[in-house]
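Okay, structure first, notes after.
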Amino acid sequence: MYVAVVRYDGMEAGRMLGGTMTMISTTQVFQDVHVMIFVGFGFLMMFLRKYGYSAVGFTLLLGAVMVQWAMLCQGFFRMTEGKILVSMVSLLNADVATAAVLISMGAVLGKTTPLQLVVMGLVEMVVFAANEYMSSHVLKAVDLGGSMVVHVFGAYFGLAVSRAMGRPADTSREGSSYASDLFAMIGTVFLWLFWPSFNGALAADQARHRAVINTYLALASGCVVAFAVSSLVRRGKFNMVHVQNATLAGGVAMGTAADLMVQPVGALVIGGLAGALSVVGYAYLQPIVLDKLKVHDTCGVHNLHGMPGVFAGLVGAVMAAIAGTDTYGGALYQQFPAMTPRAGKQLEEVQEYLTNFAMQPGEGRSALQQAGFQLASLTVTLAVSVVSGTVTGHVMRQERLFRQPGKDGLFEDGPHWDVADEEVGDGGEGALTATPATTTVATLSVRKGSASSADAANNIPTLSAEVEREDGSKW
1 MYVAVVRYDG MEAGRMLGGT MTMISTTQVF QDVHVMIFVG FGFLMMFLRK YGYSAVGFTL
61 LLGAVMVQWA MLCQGFFRMT EGKILVSMVS LLNADVATAA VLISMGAVLG KTTPLQLVVM
121 GLVEMVVFAA NEYMSSHVLK AVDLGGSMVV HVFGAYFGLA VSRAMGRPAD TSREGSSYAS
181 DLFAMIGTVF LWLFWPSFNG ALAADQARHR AVINTYLALA SGCVVAFAVS SLVRRGKFNM
241 VHVQNATLAG GVAMGTAADL MVQPVGALVI GGLAGALSVV GYAYLQPIVL DKLKVHDTCG
301 VHNLHGMPGV FAGLVGAVMA AIAGTDTYGG ALYQQFPAMT PRAGKQLEEV QEYLTNFAMQ
361 PGEGRSALQQ AGFQLASLTV TLAVSVVSGT VTGHVMRQER LFRQPGKDGL FEDGPHWDVA
421 DEEVGDGGEG ALTATPATTT VATLSVRKGS ASSADAANNI PTLSAEVERE DGSKW
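The sequence shown begins at 1 in the UniProt record's numbering and counts up one residue at a time.
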């Protein structure tokens with residue numbers, strides 16, 4: 001397909017001059033998002049004590065496949081003269097789309113084979129691209145940071161897959177260790193540092209600056225509140241699961257309205273509420289989701305991506321409902337293109353007032369109408385993700401099509417990787433399984449001996465041992 005339809009776009013093909021600063025800026029943001037996808041997500045999922053190789057390795061494998069597939073799927077809806085044109089923005093969009101698949105992977109982490117993950121990603125990316133096009137081009141909803149089309153879609157697609165596949169038969173290896181939690185914290189820190197770039201990557205000029213400011217403030221507020229609420233629910237102690245995940249919820253919650261005029265105090269409030277919501281989800285809702293809804297969520301994507309993403313969608317609807325030229329000035333029609341007047345006298349009057357940029361005719365929506373379309377986008381995304389995820393999960397569980405992990409292959413690197421003997425097996429963490437080349441039978445006799453004067457003074461008994469080998473020799 002790349003041979004037939006994929007070509008360089010504009011500047012990348014050498015047909016356009018200039019744009020050096022824009023290219024540098026886009027490349028820098030792309031690298032930030034790239035680190036988030038492959039380092040942040042990969043290490044965050046390393047919390048499983050016996051699934052570290054798979055967490056990082058499968059993130060790299062799945063991510064590498066998905067960025068290629070995403071450029072085709074997304075490019076299909078943006079074809080020019082029958083060709084998919086690839087630019088730096090295409091790579092950036094592909095990375096963002098890949099995030100949705102990795103979020104879904106978090107819901108089924110440790111319960112699938114590599115082939116099942118790749119097939120899940122291939123199907124999900126097709127549906128993701130269609131839903132993204134529906135949201136941005138048909139409903140014309142605003143979702144700069146992808147809280148709805150990326151986080152909500154990825155979370156509930158993955159949860160639907162997990163429910164359709166059924167609860168794992170054995171969860172004895174699902175726990176974390178001190179070392180694995182430390183590695184997961186590396187992922188948290190990388191995600192926390194680069195999230196402002198993720199939310200502001202596709203914005204331009206002042207809108208990008210606003211997105212970075214709002215996201216950073218939301219992350220900072222959410223981090224502090226997550227620590228505070230974690231201490232409350234854990235009676236004075238911090239819980240590592242809460243810290244690894246809920247500290248990031250502010251970035252998710254700020255995504256849809258990242259470049260909107262929420263004001264700094266609004267960003268702080270949104271981030272703080274998201275941090276609290278995420279901790280409550282991990283502490284109280286996740287067991288209910290497992291017991292009542294029969295949804296096993298390995299990474300807790302419902303608490304980090306699902307609920308904060310829905311919250312972000314609601315925030316976006318509220319911000320759309322109160323948007324007006326008194327707040328945004330002429331930039332209103334850049335932030336909400338569908339609110340631009342239709343072609344005619346009204347558009348001409350607005351264009352005379354706004355001479356610094358050319359306006360394209362819109363749909364003339366009111367603020368409340370735009371808010372309704374924001375909610376419609378959230379609803380459609382939820383419905384599409386759940387339905388498509390359920391179908392995909394039922395396909396993935398078919399033993400005629402896929403080899404299932406089996407009870408001994410759950411949350412375990414061993415079935416998929418060459419792992420040292422001492423790292424695998426049922427003997428628990430650090431269990432040693434060894435088969436010696438030869439076996440020596442010896443008789444051990446232990447007798448109490450006379451103590452030295454120093455040992456006697458301290459009332460320390462002395463033991464001596466004599467080993468008799470099979471050949472009769474002693475030592």
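Every residue, glycine too, gets a C-beta built ideally from N, C-alpha and C.
Should residue i go down as buried or exposed, given a rule of 16 or more other Cβ atoms within 10 Å for buried?
i, result
"Q28", "exposed"
"D297", "buried"
"L85", "buried"
"S180", "buried"
"Q263", "exposed"
"M1", "exposed"
"Q334", "buried"
"A258", "buried"
"Q370", "buried"
"I169", "Looking at the sequence itself, residue 169 is Ala, so the reference to Ile does not match. The residue is exposed, with fewer than 16 neighbouring Cβ atoms inside 10 Å."
"Y293", "Position check: residue 293 holds Leu in this sequence, whereas Tyr was assumed. Flag for L293 reads exposed."
"D205", "exposed"
"K50", "buried"
"S172", "exposed"
"L202", "buried"
"G10", "exposed"
"L378", "buried"
"R7", "exposed"
"V3", "exposed"
"I37", "buried"
Quick one: grab the DSSP three-state call for residue i.
i, result
"K83", "strand"
"R208", "helix"
"K407", "helix"
"T113", "coil"
"W417", "coil"
"M105", "helix"
"K140", "coil"
"I322", "coil"
"E348", "helix"
"S230", "helix"
"S450", "For S450, the pLDDT reaches just 46, beneath the cut-off of 50, and the residue's location in the model is therefore unreliable, leaving the point undetermined."
"M257", "The question names Met, but residue 257 in the sequence shown is Ala. Correct three-state label for A257: coil."
"L273", "helix"
"V380", "helix"
"T340", "coil"
Could you tell me which residues DSSP pairs with residue i in its beta bridges?
i, result
"L48", "S176"
"R7", "L85"
My assumption, with CB atoms under 8 Å, is that residue i sits in contact with residue j. Please give the rounded CB distance.
i, j, result
"W192", "T256", "Rounded, the Cβ-Cβ distance is 19 Å, inconsistent with contact."
"N131", "V384", "5 Å"
"G389", "A70", "Incorrect: roughly 18 Å between the Cβ atoms, too far for contact."
"N93", "Q68", "Incorrect: roughly 13 Å between the Cβ atoms, too far for contact."
"F373", "G187", "The pair is not a contact, with the Cβ atoms about 35 Å apart (cut-off 8 Å)."
"M120", "S104", "7 Å"
"G313", "A338", "No, G313 and A338 are not in contact; Cβ-Cβ is about 17 Å, not under 8 Å."
Using the C-alpha atoms, what's the distance from residue j back to residue i?
i, j, result
"I322", "K237", "41 Å"
"Q99", "S231", "Residue identity check: residue 99 is Ala in the sequence provided, not Gln. Whole-angstrom Cα-Cα distance: 30 Å."
"residue 541", "G306", "One cannot answer for residue 541 here, as it falls past the ends of the chain, which runs 1 to 475."
"I270", "V350", "33 Å"
"L285", "R78", "40 Å"
"G200", "L304", "19 Å"
"E124", "R365", "32 Å"
"L277", "A343", "44 Å"
"S54", "M359", "49 Å"
"Y328", "L182", "44 Å"
"V419", "L109", "19 Å"
"V138", "Q31", "30 Å"
"A218", "G146", "16 Å"
"L332", "L115", "46 Å"
"A220", "S197", "15 Å"
"G300", "A249", "12 Å"
"G82", "V5", "7 Å"
"G266", "F311", "14 Å"
"V149", "G158", "14 Å"
"V142", "A317", "9 Å"
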